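Let me begin by presenting the structure, written as structure tokens, before commenting on it.
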Amino acid sequence: MASYNRVIMIGNLTRDPEYKQLTSGQAVCRLALASNRQFKNKQTGSMIQEVCYIDIDVWGPQAESSNQYLKKGSSVLIEGRLKLDSWTDNDGQKRSKHGIVADRVTFLGAVQGSTVSTEEVMATANKLEEIAERNTKSSAPKTRKTKSAQDEELPSSGEVEFKDEGPFEDDLPF
Numbered sequence: 006m007a008s009y010n011r012v013i014m015i016g017n018l019t020r021d022p023e024y025k026q027l028t029s030g031q032a033v034c035r036l037a038l039a040s041n042r043q044f045k046n047k048q049t050g051s052m053i054q055e056v057c058y059i060d061i062d063v064w065g066p067q068a069e070s071s072n073q074y075l076k077k078g079s080s081v082l083i084e085g086r087l088k089l090d091s092w093t094d095n096d097g098q099k100r101s102k103h104g105i106v107a108d109r110v111t112f113l114g115a116v117q118g119s120t121v122s123t124e125e126v127m128a129t130a131n132k133l134e135e136i137a138e139r140n141t142k143s144s145a146p147k148t149r150k151t152k153s154a155q156d157e158e159l160p161s162s163g164e165v166e167f168k169d170e171g172p173f174e175d176d177l178p179f
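If you want it as structure tokens, here you go:
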């Protein structure tokens with residue numbers, strides 16, 4: 006069974022980046038991200054704010070840029086993979102937490118409380134998602150496959166056109 010590990014998050018940094026240069030010379034920067042979700046409670050009708058906190062590891066040149074340009078409150082879009090860190094604490098208890106290893110960090114250019122609109126952030130997120138989909142399709146192994154009716158993309162408008170017949174001979178270009 007195939008698996009796919011891809012995470013895209015938009016949020017604000019909860020603290021300044023923590024930058025380290027390893028003995029190998031590799032740069033790593035740890036970011037702490039808070040991503041908000043707001044929804045309406047169906048039973049009470051009140052709005053509920055849910056916050057997800059997660060640590061992000063950024064490697065290489067992006068780590069250096071993140072350390073240089075980001076600070077607490079900066080708005081960022083993170084694209085990467087989910088990882089699980091496990092360790093034993095001082096009391097001998099096994100502990101674990103999820104984090105993200107970033108492939109791409111996009112600075113959204115705003116500190117919390119600034120005037121960047123939600124529409125601008127979502128437009129950037131949509132563009133990055135389209136790029137990621139194209140990259141995923143282009144990096145997939147090339148296999149020869151005949152196109153079937155199931156492979157055709159459905160229109161996004163919600164209207165589906167069903168085809169009962171194949172093309173007529175008149176429509177052939179030769």
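Count the sequence shown with the numbering used here and you get residues 6 to 179, in order. C-beta atoms are modelled at their ideal positions from N, C-alpha and C, and glycine is treated no differently. All figures in this text were calculated on a predicted structure; none of them were measured in a lab.
CA-to-CA distance, residue j to residue i, given in whole angstroms
i    : j    : result
G78  : D96  : 34 Å
C181 : Q48  : A query on residue 181 cannot be resolved here, the shown segment of the chain reaching from 6 to 179 and no further.
K45  : I15  : 20 Å
S71  : Q98  : 33 Å
K182 : A7   : Not covered by the structure: residue 182. The range shown for the chain is 6 to 179.
D60  : R139 : 27 Å
N131 : Q31  : 31 Å
G104 : G114 : 23 Å
L89  : A68  : 20 Å
R42  : E134 : 19 Å
A37  : N10  : 20 Å
D62  : L87  : 10 Å
Buried or exposed by the 16-neighbour rule on C-beta atoms within 10 Å, applied to residue i
i    : result
I136 : exposed
A5   : Residue 5 falls outside the range modelled here, since the chain spans only 6 to 179, and no answer is possible.
N17  : buried
G85  : buried
S29  : exposed
I53  : exposed
E23  : exposed
S91  : exposed
S80  : buried
For residue i, the residue or residues it bridges with in DSSP
i    : result
G16  : V81
R180 : Limits of the chain in this structure are 6 at one end and 179 at the other, which puts residue 180 out of reach.
S8   : S8 pairs with nothing; no bridge assigned.
R100 : W92
Quiz item: Of all the beta strand (DSSP E) runs that stay within the bounds of the segment 18 to 78, which reach a length of 3 or more residues?
Solution: Listed in chain order, the complete beta strand (DSSP E) runs (minimum 3 residues) inside the segment 18 to 78 are 23 to 26, 32 to 45 and 52 to 64.
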